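Heads up, the sequence shown is in our numbering, so the first residue is 259 and it goes up one at a time.
A quick write-up on the structure given underneath.
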Amino acid sequence: MRDRANRAAIAYFALVHAAAVSGLLLPMRASLVALACALYAALHLSTIVGLHRLLSHRAFRCPRWVEYGLVSVAMISGQGSPIAWVATHRRHHAHTDREGDVHSPRRGLWYAHIGWIVDEGSTDPRDPERYCRDLAGDPYYRWLMRWRFAPQVAAVLLAGLALGWGAVPFVFFLPLVCWMHTTYLVNSACHAPRFGSRAFDTRDGSRNVGWVAALTFGEGWHNNHHAFPRAARYGMAPGQHDLAFLFIRALAALGLAWDIQPGPEGRGGARPRPSPYDSSIGL
Ligand SMILES: [Zn+2]
Ligand SMILES: [Zn+2]
């Protein structure tokens, strides 16, 4: 793996982690803690609702400006263009925990967590063409393919100019790193046999992990998601809280979301079905 390591990605991770740690060394103020928590929530909700449930799975429909707004906030995290993100995620669904999966713990928990991101061999440059043709013609997303760090640079500049440069490590990089690792837990812990449990007999190793769901606004009900990939709601049993779904419901109440895809409750019973990407990339 060493010869395939993406040194630029490793340097980036080292930099943002060092900045996050330095944020802990600075004196805290209640207003900055509130801003850091708000950024953590915004990064999760925009990634979960925008990149995952909307773009990757079309779990609901919304106005284009809402879609662009969610994606733009998610891009502050610097996690690559939406086209590459969606292609990688659909490939995960098409090959879950089998040969070809991008980030299965079968290659090790650490590899599933973060190793695959710094491994140039984990993805294929042809993935967007294979899995993401529906987004390939979008001019904004094509622009983000080239300038994927522009939203993050703009956010750092805005935070520095508005709050002072000394506040940036705590307000920006600390929540960014917390968001990173809690998001990565969905790929690692939620596919590892030692964590959580399974509600549906899917053809993969996906797990429902309550503490990951609590940290990720509902994404940790990952076995439910693999059983019903297009469902907008991931918390499918009593006590399975899913704040991201409540966010989608709030959008719907404002007239900003519709055609919300049901889970087992809308399909005549709790039977799992294969991912729509198993045999086709069609939506
Ligand atoms: Zn998914
Ligand atoms: Zn998965």
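Ideal Cβ positions, reconstructed from N, Cα and C, are used throughout, including at glycine.
Fair warning: this is a prediction, and the values are worked out from it, not measured in the lab.
A370 and H275 look like a contact to me (Cβ under 8 Å); what is the Cβ gap, rounded to whole Å?
-> 19 Å between Cβ atoms; not a contact.
Report the residue from F407, L303, R349 and S362 whose alpha carbon sits nearest the alpha carbon of G228.
-> With the chain covering only 259 through 541, there is no way to say anything about residue 228.
Residues near E492 in its chain [Cβ-Cβ closer than 7 Å; skip 5 each side] = For the record, residue 492 in the displayed sequence is Tyr; it is not Glu. Closer than 7 Å at the Cβ level, and outside the excluded window around Y492, lie G476, E477, W479, N482, H483, D500 and F503.
Where does W516 fall in DSSP's three states?
-> strand
State the start and end residues of the unbroken alpha helix (DSSP H) segment that holds Y298.
-> A288 to L303
Taking Cβ positions, are A294 and L432 nearer each other than 8 Å?
-> yes
Close Cβ partners of Y389 (< 6 Å) along its chain, the five nearest in sequence each way excluded | A345, R348, R349 and I539
Is D377 helix, strand or coil when you go by DSSP?
-> strand
Sequence-distant residues of the same chain with beta carbon closer than 8 Å to A471, five excluded per side | E477, G478, W479, Y492, G493, Q498, H499 and D500
Got a sec, what are the start and stop residues for the alpha helix (DSSP H) T440 sits in?
-> L432 to N445
Helix, strand or coil at R316 according to DSSP, with G and I counted as helix | coil
Cα-Cα separation, R364 to R262 | 19 Å
Contact the segment 329 to 338 vs the segment 296 to 314: 3+ CB pairs below 8 Å = yes
From this set, A266, R265, A278 and N264, which residue's C-alpha is nearest M438's C-alpha?
-> A278
Where I268 falls, given that 16 or more other Cβ within 10 Å makes a residue buried = exposed
When P520, N466, F430 and S446 are compared against A296, the one with the closest alpha-carbon | F430
What three-state label does DSSP hand G540 in the structure shown?
-> Confidence at G540 is low in this model, with a pLDDT of 30, below 50, so its placement is unreliable and the value that follows should be read with caution. Correct three-state label for G540: coil.
Could you work out which residue in A457, R265, I341 and L514 is closest to P222 when comparing CA atoms only?
-> Nothing about residue 222 can be reported from this structure: the residues present for the chain run from 259 to 541 only.
Nearest-angstrom Cα distance between G327 and F505?
-> 14 Å
Beta-carbon separation (whole angstroms), L514 vs P321, contact threshold 8 Å = 6 Å
Near G281, what residues of its chain come up, given a Cβ to Cβ distance below 7 Å and the 5 sequence neighbours on each side ignored?
-> P427, F428, F431 and L432
Give me the Cα-Cα distance between D377 and R507, rounded to the nearest whole angstrom.
-> 37 Å
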